[in-house]
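In our numbering, the protein residues as written are 1 to 359. Ideal placement from N, C-alpha and C gives every residue a C-beta, glycine not left out. Note that the structure is a prediction, hence the values are computed from the model and not measured. Below is one structure, written out as structure tokens, with a few remarks after it.
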Amino acid sequence: MRPILVNIPAKLLFVAALALALGAFVRDVIRRRRDKTVPWSSTPLYGLIGAGLLIYFKADGLGGENFAKPWTPVPIYAYGVMLGTSLVVGWFIAMSLAKKDGIDQQEAGTIYMWTAVWSIIGSRLLYVITNLSEFNSITQVVMVNRGGLVAYGGMIGGFLASVYCCRKRGIELLRWADVAAPSVVLGTAITRVGCLLFGCDFGARSSVPWAIRFPQGSPAWHRHTELYGLARDATQSYPVHPTQIYESLVGLFLFAMLMLIRKYRTFSGQVFLGWVLGYGILRPLIEIVRDDDQRGNVGPLSTSQFIGIVSVVLGLALFISLLRKYRRDPESLRLWQHAPVKVQAKAEQGGGGKRRKRG
């Protein structure tokens, strides 16, 4: 377990932020001298904001005596690194698949960005909802280092954002869903490595050969000392199921499966359904051997088990509906073979205009 990968000196980051702001400002001045139409970039502002935040949190003010004092370092958390890595990897995968399915790269990038933002918001909101007793103010809700995130909340938030963005841009939701699904499951596999390093989302006690122990002070160690009689001077927790690894393996398996489905799909939506049904079945099974107490519950089920079961039911209903539509009109559901609705509309308008001009 290694929740913090590295500590970066705060003063070094402060100097780097100021240097970035100054360098970007000088670059903009030089560009505008050559061409007055070049817009000012927002990079200098972001650099100054970053420097200001470091002063606020690490130096307690602008006084010279505060700069002379040592600043506490800025920790780089393992989970944040893995989450960021998953978003970057997901971006490249989504852009590549979007190009193959006829989605404009700029539009795909915008949809991906807003989907990622609302995925994080949704995952945080579901954690807060399932652990309301931990929060006493709105400030605590937005402090992501207090508590955690819930995968299904992120998936729901990202899906709703995709619905809105696709509708606004005239892109069929099923077309985008088949592009985004592989990125989501691979992102799950990567972020769960962060969970393992942080020590959260741990499994129940077990004697299986691959069971793992977490060090003193970890979430598992605290739970075992409070509930299961582990001695306070114990240096490790009891052996537990490595549920984080289970989820990473599930993510890798589903990613391979979805890419295979994309290769042999017969109608749009099959890749998306592979994710919904696959994760909806496998995630509740993993929940059986989890033991952390921050998952919430709906009756006898954990929150994720309940959402997983509901998603499977809805997924099966959607599969039946799409299959019936495909049998009636196969070409209408092979969306990747046609231009998006918005592009088709523009082409038809352009063609009509040309015909009128010739007349």
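Are the CB atoms of residue 258 and residue 271 nearer to each other than 8 Å?
-> In this structure, residue 271 lies closer than 8 Å to residue 258 by Cβ.
From residue 109 to residue 88, what distance separates their C-alpha atoms?
-> In a straight line, the C-alpha of residue 109 is about 12 Å away from that of residue 88.
Compare the C-alpha of residue 134 against each of 303, 296, 308 and name the closest.
-> Selected option, being the one with the closest Cα: 296.
Those residues which DSSP pairs with residue 236 across a bridge = Among the bridge pairs identified by DSSP, residue 236 is matched with 215.
Which residues mark the beginning and the end of the beta strand (DSSP E) in which residue 87 is found?
-> Here residue 87 belongs to no beta strand (DSSP E); instead the alpha helix (DSSP H) covers 78-100.
Using 8 Å as the Cβ pair cut-off and three pairs as the minimum, do the stretch 306-318 and the stretch 280-294 touch?
-> Yes, since at least three Cβ pairs between the stretch 306-318 and the stretch 280-294 fall closer than 8 Å, the two stretches touch.
Take residue 169 as the anchor and find which of 107, 223, 76 has the nearest alpha-carbon.
-> Measuring C-alpha to C-alpha distances from residue 169 to each of 107, 223, 76 identifies 107 as the nearest.
How big is the Cα-Cα spacing for residue 56 and residue 180?
-> Roughly 38 Å separates the two Cα atoms.
Cross-strand partners of residue 6 (DSSP beta bridge) | Looking at the DSSP output, residue 6 bridges to 76.
Pick out the complete alpha helix (DSSP H) segments inside the stretch 178-208, 4 residues or longer, and give them in chain order.
-> Whole alpha helix (DSSP H) segments, 4+ residues: zero.
Based on the DSSP secondary-structure assignment, which residues constitute the bridge partners of residue 297?
-> Note: residue 297 sits in a beta bridge opposite 302.
By how many angstroms is the C-alpha of residue 195 removed from the C-alpha of residue 92?
-> Cα-Cα distance, rounded: 23 Å.
With a CB to CB cut of under 8 Å and the five nearest residues on each side skipped, what residues in its chain are close to residue 356?
-> Residue placement at residue 356 is flagged as unreliable, the pLDDT there being 46, under the threshold of 50; the coordinate-derived value follows with that caveat. Excluding positions up to five away in sequence, the list is empty.
Within 10 angstroms of its Cβ, does residue 157 collect 16 or more other Cβ (buried), or is it exposed?
-> Around the beta carbon of residue 157, 16 or more other beta carbons sit within 10 angstroms, so the residue counts as buried.
Buried or exposed: where does residue 1 fall if 16 or more other Cβ atoms within 10 Å of its Cβ makes it buried?
-> Residue burial annotation: residue 1 is buried, with at least 16 other C-beta atoms found within 10 angstroms of its C-beta.
Limits of the unbroken alpha helix (DSSP H) element including residue 155 | Looking at the DSSP string, the run of the alpha helix (DSSP H) that includes residue 155 is 151-169.
Which residues in the same chain as residue 335 place their Cβ atom closer than 7 Å to its Cβ, once the five residues preceding and following it in sequence are excluded?
-> Hits under 7 Å: 172, 174, 175, 268.
Helix, strand or coil at residue 290 [DSSP, three-state] = Residue state, collapsed to three classes: strand.
Report the residue from 199, 231, 47, 290 whose alpha carbon sits nearest the alpha carbon of residue 219.
-> Closest in alpha carbon position to residue 219, among 199, 231, 47, 290, is 199.
Can the beta-carbon of residue 154 be found closer than 8 Å to that of residue 123?
-> Residue 154 is a Cβ neighbour of residue 123, given a cutoff of 8 Å.
In the DSSP assignment, find the unbroken alpha helix (DSSP H) run with residue 365 in it and report its ends.
-> There is no way to answer for residue 365, as the model of the chain reaches only from 1 to 359.
Go ahead and pull the three-state DSSP assignment for residue 104.
-> Annotated three-state conformation of residue 104 is coil, per DSSP.
Do residue 10 and residue 71 come within 8 Å of each other at the CB atom, strictly closer than that value?
-> Taking 8 Å as the cut-off, the beta carbon of residue 71 is found closer than this to the beta carbon of residue 10.
Residue 329 in three-state terms, based on DSSP = Assigned with DSSP and collapsed to three states, residue 329 falls in coil, not helix or strand.
Please confirm whether residue 77 and residue 3 have their CB atoms less than 8 Å apart.
-> In this structure, residue 77 lies near residue 3, with their beta-carbon atoms less than 8 Å apart.
Please confirm whether any heavy atom of the ligand PLP lies closer than 7 Å to the CB of residue 198.
-> In the structure on display, the ligand PLP does not appear, and there are no ligands present to speak of.
DSSP-derived helix/strand/coil call for residue 241 | Residue 241: coil per DSSP, three-state reduction.
Evaluate residue 58 with the Cβ neighbour count: other Cβ atoms within 10 Å of its Cβ, from every protein chain shown; 16 or more gives buried, anything less gives exposed.
-> Flag for residue 58 reads buried.
Let me know the secondary structure DSSP gives residue 175 once reduced to three states.
-> Secondary structure of residue 175 (DSSP, three-state): helix.
Taking only the alpha-carbon atoms, compute the straight-line gap between residue 50 and residue 285 and give it to the nearest angstrom.
-> C-alpha of residue 50 to C-alpha of residue 285: approximately 43 Å in a straight line.
Closest Cα partner of residue 7 within the set 86, 234, 75 | Checked all of 86, 234, 75; the closest Cα to residue 7 is 75.
Of the choices 242, 324, 264, 323, whose alpha-carbon is the least far from that of residue 288?
-> When C-alpha distances from residue 288 are compared across 242, 324, 264, 323, the shortest belongs to 242.
Among 185, 193, 120, which one has its Cα closest to the Cα of residue 160?
-> Checking every option, the nearest Cα to that of residue 160 belongs to 120.
Determine the contact status of residue 237 and residue 253, defining contact as a CB-CB distance below 8 Å.
-> No; because the gap between Cβ atoms is not below 8 Å, this pair is not in contact.
Would you report the Cα separation of residue 166 and residue 28, rounded to the nearest angstrom?
-> Residue 166 and residue 28 have their alpha carbons spaced roughly 34 Å apart.
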